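Numbering (my numbering), first residue to last: 1193 to 1406.
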């Protein structure tokens, strides 16, 4: 099997390092370049001990790869994605920057103007159960959010077959690792251990993503 040279932009976040853990075990992938918002110049194993056997260092700039995963926060991801595309690198964006097709909807929910609205129509929503053919030929794939993934996969078949009504209540739970590595009181262990907290009750920013795809 020919191995594809793959890179990760921002490997030092929770999503980025978990991507690295998965990719180094994939027989069709050669992870050859990783960048970080922190840790540039350090070996990946020095930052994350469970990657101690992996000699790749964290770089300031992405090297020559065929496919790159953008594991940056929303807003910061889009400019990095554009730069990669200009280098003819295919991109899988893990942030929310290219999930929504409408720039006005993005601004409403993420409170900032989309930096690359011209790419929204091109980006393929990355649910292979629904868009497998489109993903296989795309140069930009938008990785779905956590709540949309569980909701769409559960509801799309039933809605398609007319088995349920469209007045739907979604009760989803997620772990605090989804909030990233930045320290906050709400994600502190002492606050979250053996606890469940409701948040974004007035409307979660994943809601338009679910509505768009269903």
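Glycine is no exception: its CB is placed at the ideal position from the N, C-alpha and C atoms.
For clarity, every value in this text was computed on a predicted model and none was experimentally measured.
Exercise. Between residue 1302 and residue 1193, what straight-line distance do the alpha-carbon atoms span, to the nearest angstrom?
Worked result: Against the chain shown, residue 1302 aligns to sequence position 110. Against the chain shown, residue 1193 aligns to sequence position 1. CA-CA distance, residue 1302 to residue 1193, rounds to 41 Å.
For this session: Specify the secondary structure class of residue 1308 as computed by DSSP and reduced to three states.
Result: Translated into the one-based positions of the chain shown, residue 1308 becomes position 116. Residue 1308: coil per DSSP, three-state reduction.
Exercise. Smallest Cα separation from residue 1344: which of 1326, 1330, 1317 and 1331?
Worked result: Locating residue 1344 in the chain shown gives position 152, where the first residue counts as 1. Checking every option, the nearest Cα to that of residue 1344 belongs to 1317.
Problem set entry | Nearest neighbour of residue 1227, chosen from 1233, 1405, 1268 and 1250 [CA to CA] | Position 35 of the chain shown holds residue 1227. The shortest Cα separation from residue 1227 among 1233, 1405, 1268 and 1250 belongs to 1250.
For this session: Using DSSP bridges, identify the partner residues of residue 1285.
Result: Numbered from 1 along the chain shown, position 93 holds the residue referred to as residue 1285. Answer is 1262 and 1334, bridged to residue 1285.
For this session: Kindly indicate which three-state DSSP category residue 1217 falls into: helix, strand or coil?
Result: Taking the first residue of the chain shown as position 1, residue 1217 is located at position 25. It is coil, neither helix nor strand.
Exercise. When the Cβ atoms of the stretch 1335-1349 are set against those of the stretch 1304-1316, are three or more pairs found closer than 8 Å?
Worked result: Counting Cβ pairs under 8 Å, fewer than three are found: no touch.
Problem set entry | Among 1300, 1310 and 1401, the one whose alpha carbon lies nearest that of residue 1270 | Taking the first residue of the chain shown as position 1, residue 1270 is located at position 78. Of 1300, 1310 and 1401, the smallest CA-CA separation from residue 1270 is found for 1310.
For this session: Could you give the DSSP three-state label for residue 1206: helix, strand or coil?
Result: Looking up residue 1206 in the chain shown gives position 14. In the three-state DSSP reduction, residue 1206 falls in the helix class (H, G or I).
Exercise. Using a Cβ-Cβ cut-off of 8 Å (strictly less than) and excluding sequence neighbours within five positions of residue 1319, which residues of its own chain qualify?
Worked result: The sequence position of residue 1319 within the chain shown is 127, counting from 1. Excluding positions up to five away in sequence, the list reads 1336, 1341, 1344, 1345 and 1405.
Problem set entry | Sub-8 Å separation of residue 1260 and residue 1239 beta-carbons | If you number the chain shown from 1, residue 1260 lands on position 68. If you number the chain shown from 1, residue 1239 lands on position 47. Going by C-beta atoms, residue 1260 is not nearer than 8 Å to residue 1239.
Problem set entry | Through-space distance from residue 1236 to residue 1242, alpha-carbon basis | As a first step, residue 1242 is located in the chain shown; it is residue number 50 there, counting from the start. As a first step, residue 1236 is located in the chain shown; it is residue number 44 there, counting from the start. Answer to the nearest angstrom: the Cα atoms are 9 Å apart.
For this session: Please state whether DSSP places residue 1317 in a helix, a strand or coil.
Result: Residue numbering aside, residue 1317 sits at position 125 when the chain shown is read from its first letter. In the structure shown, residue 1317 sits in a strand (DSSP, three-state: E or B).
Exercise. Going by alpha carbons, who is nearest to residue 1248 out of 1230, 1268, 1223 and 1272?
Worked result: In the chain shown, counting from the first residue as 1, residue 1248 sits at position 56. Among 1230, 1268, 1223 and 1272, the Cα nearest to that of residue 1248 belongs to 1223.
Problem set entry | Under 8 Å between C-beta atoms of residue 1286 and residue 1207 | Sequence index remark: in the chain shown, residue 1286 carries index 94 (1-based). Sequence index remark: in the chain shown, residue 1207 carries index 15 (1-based). Yes, they are a contact pair.
Problem set entry | Close beta carbons around residue 1273, own chain, < 8 Å, minus the five adjacent residues each side | As a position in the chain shown, residue 1273 is number 81, starting the count at 1. So the qualifying residues of the chain are 1262, 1283, 1285, 1289, 1290, 1308, 1311 and 1332.
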